[in-house]
Structures are given as C-alpha cells and as structure tokens.
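Structure, as structure tokens:
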Amino acid sequence: MATLRHEFYETDERLTLSVFDKGADPEQVKVTFEPRKLTYTNGEKSLVLEPLKGQIDPAKSDYTVGKVKVEVRLAKVAHGRWGALVGDSPDPLASFPSSAAPASSAPRKPRKNWDGITSEILASDKTVSPDQDPNAGGDAAVNDFFQKLYADADEDTRRAMVKSFQESGGTTLSTNWDEVRKSKVEVKPPEGSEWKKWAA
Numbered sequence: 108m109a110t111l112r113h114e115f116y117e118t119d120e121r122l123t124l125s126v127f128d129k130g131a132d133p134e135q136v137k138v139t140f141e142p143r144k145l146t147y148t149n150g151e152k153s154l155v156l157e158p159l160k161g162q163i164d165p166a167k168s169d170y171t172v173g174k175v176k177v178e179v180r181l182a183k184v185a186h187g188r189w190g191a192l193v194g195d196s197p198d199p200l201a202s203f204p205s206s207a208a209p210a211s212s213a214p215r216k217p218r219k220n221w222d223g224i225t226s227e228i229l230a231s232d233k234t235v236s237p238d239q240d241p242n243a244g245g246d247a248a249v250n251d252f253f254q255k256l257y258a259d260a261d262e263d264t265r266r267a268m269v270k271s272f273q274e275s276g277g278t279t280l281s282t283n284w285d286e287v288r289k290s291k292v293e294v295k296p297p298e299g300s301e302w303k304k305w306a307a
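The number in my numbering is simply the position in the sequence shown, starting from 1, with 107 added.
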C-alpha cells in the first residue's frame with residue numbers, strides 16, 4: 108500500500124490536515140475518525156495516523172474531497188496547540204469522558220461593563236448653555252459661529268472673509284468686500300505679541 112504525502116496546520120480548537128491525493132474519487136475515499144486515531148483510504152492508497160497527539164471529537168470532525176487534495180478537519184476535545192500530528196504523549200483527557208469539559212476551580216472575576224460606565228459619565232455631564240457660562244463651548248462654539256456666518260453670507264462677504272484671513276495670516280477677518288478688495292490686508296497680531304514671517 109502506498110503512503111500519501113500530507114501536512115497540517117492548527118488552531119486551538121481545530122486541526123486541518125491536507126492529504127495530497129490528486130484526482131481522488133469522492134465515492135472511494137473513506138476517512139474513519141476515532142478519539143486518538145485517523146484512518147484515510149482510497150483504493151490502494153492509505154494513511155493511518157496513530158496515536159494522535161491529542162484527543163479529537165469524531166462527531167464534529169469532517170472532510171472534503173478536492174481535485175488535488177482531501178482536506179480533513181479534526182475537532183479537538185481539549186483546546187490548545189499540539190505542535191505535532193502524532194505522538195506518544197499521554198492523553199490528558201484519558202481519565203475524562205469525551206463529552207465532559209474540564210471544570211475550572213478558580214472563581215472568575217466579574218468583567219467591567221465599560222459601555223455602562225461610559226454611558227453613566229456622559230449622562231452625568233450636563234451641557235451648560237451660554238446664558239449660564241459665557242465661555243461654554245469654547246473653540247467649538249466660536250467655530251460654529253464662524254461657520255454659520257460664512258454659510259449665511261453672500262458671495263462678496265465670503266470673498267472678503269477668505270481674502271482677509273489668508274492675507275493677514277489668520278489675524279484679521281473682515282466681511283467688507285469693498286474695503287478688502289482695494290489692497291492687501293495687513294497682519295495685525297494680538298496686542299503684546301509680534302508677527303514673524305517664517306522662511307519656507
């Protein structure tokens with residue numbers, strides 16, 4: 108009997124075995140699953156893997172036949188990496204029935220509900236109106252004011268706002284197009300500071 112080339116990759120929950128059997132007929136391929144053994148046969152070709160490095164659940168294991176390979180998916184009973192396909196390591200689940208999951212003796216810490224904490228904080232934050240605090244909103248309130256002013260303005264006012272702001276380096280904002288269009292807008296830094304032109 109010819110032995111087939113095979114390889115595998117695994118996750119903590121499942122091991123996927125690729126058996127390279129080109130042109131395998133799905134009607135003739137037979138895969139038998141046992142807790143620590145896998146048997147693959149296709150006519151004269153066979154592959155027996157025993158003992159498997161860990162215990163598998165035969166009911167949850169399956170396979171598909173492709174044109175180049177047969178993919179066998181083994182469901183692990185105990186989650187974790189095997190590192191190898193077969194091995195003589197003792198089966199950690201040999202003393203347990205296959206349906207029983209290992210019980211955890213350590214009590215679990217309750218998880219924090221971060222969404223609930225965030226909702227609480229946001230609910231406790233009251234929005235302060237400008238009547239209660241003239242500085243309420245800060246930059247956001249000023250930005251909203253200028254956006255509304257620009258959006259509601261006519262074309263000449265918009266042109267004046269853009270030209271004055273750009274030419275003055277952001278130190279002046281004028282809405283009077285008749286005044287701004289005549290000449291370049293001068294830089295007027297706030298009192299107590301000086302304007303410096305940075306070399307490009």
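For each residue, glycine too, the CB sits at the ideal point set by N, CA and C.
How close, in whole Å, do the beta carbons of residue i and residue j come, if the pair is a contact with beta carbons under 8 angstroms?
i: Lys160; j: Leu124; result: That belief does not hold up - the Cβ atoms of Lys160 and Leu124 are roughly 12 angstroms apart, past 8 angstroms.
i: Ser271; j: Val287; result: 5 angstroms
i: Asp164; j: Ala185; result: Wrong, their Cβ atoms sit about 10 angstroms apart, outside the cutoff.
So if DSSP puts residue i in a beta bridge, which residue, or which two residues, is it bridged to?
i: Tyr170; result: Val179
i: Thr148; result: Lys137, Ser153
i: Arg121; result: Ala182
i: Leu159; result: Val193
i: Tyr116; result: Thr123
Hey, would you say residue i sits closer than 9 angstroms to residue j, going by beta carbons?
i: Leu293; j: Thr282; result: For the record, residue 293 in the displayed sequence is Glu; it is not Leu. No, they are not a contact pair.
i: Lys176; j: Lys129; result: yes
i: Asp138; j: Tyr116; result: What sits at residue 138 in the sequence shown is Val, not Asp. Cβ atoms of Val138 and Tyr116: not closer than 9 angstroms.
i: Arg180; j: Arg112; result: no
i: Asp132; j: Gly187; result: no
i: Asp195; j: Pro158; result: yes
i: Ala267; j: Trp284; result: yes
i: Thr148; j: Leu156; result: no
i: Lys291; j: Glu274; result: yes
i: Gln135; j: Gly150; result: yes
i: Trp302; j: Pro296; result: yes
i: Leu308; j: Val126; result: Because the chain spans 108 through 307 in this model, residue 308 falls outside it and cannot be assessed.
Examine the ligand NAP and report whether any of its heavy atoms sits within less than 8 angstroms of the Cβ of residue i.
i: Val184; result: Although the ligand NAP was asked about, the structure shown includes no ligands whatsoever.
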